[in-house]
Amino acid sequence: DTAVSQTPKYLVTQMGNDKSIKCEQNLGHDTMYWYKQDSKKFLKIMFSYNNKELIINETVPNRFSPKSPDKAHLNLHINSLELGDSAVYFCASTSMGDYEQYFGPGTRLTVT
Amino acid sequence: GENVEQHPSTLSVQEGDSAVIKCTYSDSASNYFPWYKQELGKRPQLIIDIRSNVGEKKDQRIAVTLNKTAKHFSLHITETQPEDSAVYFCAASSGQGAQKLVFGQGTRLTINP
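Here the protein sequences come in this chain order: P and W.
Numbering-wise (this note's numbering), the first sequence opens with residue 297 and increments by one.
Numbering-wise (this note's numbering), the second sequence opens with residue 2 and increments by one.
Written out as structure tokens, the structure is:
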């Protein structure tokens, strides 16, 4: 009965590689987000999609490309990984007009 | 854009005492202020939130107060217990369409038995 799920939970890769993180929610929400939590625990929004349409796009390197195949799924693809990309990436969801955001369990990305 | 400042960064209290965490925000259009609790290795979880048309909200041992004029809001935890130990984040958003939450830097709360 996981509400917001992410895969994988851990991801260790080398610099220069390309990787993807997947997120799925079964709450019937129409809005999904990607957040990055750095080593100092700071949480910062990266992207948001509403019904497969990009609505929030913060200052994020072009190497990061989100994709939403449908309103229940939001993926994050990262090209040419760098050491500074190491972080925990959280997916979250809500319904447009609602307030509470539900977070996924996070994906810990380590770039070596 | 919105900027949220949170203090203190670390807080240690004796079990049974109260803990207070304070946040200030910069955007007067912000109208939604949630507090999230994040235990080690876990996801952030909403513990209480307040909207700009309310000055105070309470849920058992947790309360949040909002001063719109001064643009600050606070989290109060009474009768603290060891399981309250975690990192707490405040956030603010303007609620215009999608909720773009801007988070504070976090407060690591430790409850000493």
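Virtual Cβ for every residue (Gly too), placed ideally from N, Cα, C.
Quick caveat: nothing in here was measured; it's all calculated off a predicted structure.
Environment of residue i [buried if 16+ CB atoms lie within 10 Å]
{"i": "Ser364 of chain P", "result": "buried"}
{"i": "Ala383 of chain P", "result": "buried"}
{"i": "Asp18 of chain W", "result": "exposed"}
{"i": "Asp381 of chain P", "result": "buried"}
{"i": "Val65 of chain W", "result": "buried"}
{"i": "Asp60 of chain W", "result": "exposed"}
{"i": "Gly42 of chain W", "result": "exposed"}
{"i": "Val300 of chain P", "result": "buried"}
{"i": "Ser344 of chain P", "result": "buried"}
Under 7 Å between C-beta atoms of residue i and residue j
{"i": "Thr111 of chain W", "j": "Ser13 of chain W", "result": "yes"}
{"i": "Lys38 of chain W", "j": "Ile22 of chain W", "result": "no"}
{"i": "Cys24 of chain W", "j": "Gln7 of chain W", "result": "yes"}
{"i": "Pro357 of chain P", "j": "Leu372 of chain P", "result": "no"}
{"i": "Pro35 of chain W", "j": "Ala71 of chain W", "result": "no"}
{"i": "Ser31 of chain W", "j": "Ser95 of chain W", "result": "yes"}
As assigned by DSSP and simplified to three states, the class of residue i
{"i": "Leu339 of chain P", "result": "strand"}
{"i": "Pro83 of chain W", "result": "helix"}
{"i": "Asp381 of chain P", "result": "helix"}
{"i": "Met328 of chain P", "result": "strand"}
{"i": "Glu6 of chain W", "result": "strand"}
{"i": "Arg359 of chain P", "result": "coil"}
{"i": "Asn346 of chain P", "result": "strand"}
{"i": "Lys23 of chain W", "result": "strand"}
{"i": "Lys367 of chain P", "result": "coil"}
{"i": "Thr376 of chain P", "result": "The question names Thr, yet the displayed sequence has Ser at residue 376 of chain P. In this structure, Ser376 of chain P counts as coil in the three-state DSSP scheme."}
{"i": "Thr403 of chain P", "result": "strand"}
{"i": "Asn322 of chain P", "result": "coil"}
Chain-order list of residues whose beta-carbon lies under 7 Å from that of residue i (same chain, five-residue window excluded)
{"i": "Leu339 of chain P", "result": "Tyr331 and Gln333"}
{"i": "Leu379 of chain P", "result": "Met311 and Val407"}
{"i": "Lys348 of chain P", "result": "Ser364, Asp366 and Lys367"}
{"i": "Ala20 of chain W", "result": "Leu12, Val14, Ile78, Thr81 and Leu110"}
Own chain, CB closer than 6 Å to residue i, minus 5 neighbours either side, in chain order
{"i": "Phe399 of chain P", "result": "Phe386 and Ala388"}
{"i": "Ser29 of chain W", "result": "none"}
{"i": "Arg109 of chain W", "result": "Thr11 and Val88"}
{"i": "Lys101 of chain W", "result": "Ser94"}
Sequence-distant residues of the same chain with beta carbon closer than 8 Å to residue i, five excluded per side
{"i": "Asn68 of chain W", "result": "Gly56 and Phe74"}
Unbroken alpha helix (DSSP H) runs of length 4 or more, entirely within the segment 31 to 103 of chain W: which are they? none
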